[in-house]
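Heads up: the sequence shown begins at 390 in my numbering, then just goes up one per residue.
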Amino acid sequence: MIEALGVIETTETDHVVRWDGTMLYVEHDVFHNGQLVHSKYKRRVSREVARALSDMLREHH
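So, in structure tokens, the structure goes:
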């Protein structure tokens, strides 16, 4: 739908994985045609990334 409207969506992130007590996420600033439309939008990390992080923490703790 966005493509059909001629909207180009881009994002910027600091790639820091955060935990809010419920989910693991990375904050993104979302832009449409260069204009900020969402600041600090929470994008949930994939199940695979969550498992990999869990495994790494288990090995080093």
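C-beta atoms are modelled at their ideal positions from N, C-alpha and C, and glycine is treated no differently.
Under DSSP, the beta-bridge partners assigned to His427 are Val419. DSSP places Val405 inside the beta strand (DSSP E), whose first and last residues are Glu398 to Trp408.
For the pair Val434 and Val405, the CB atoms are not nearer than the 8 Å cut-off.
C-alpha of Arg436 to C-alpha of Ile391: approximately 27 Å in a straight line.
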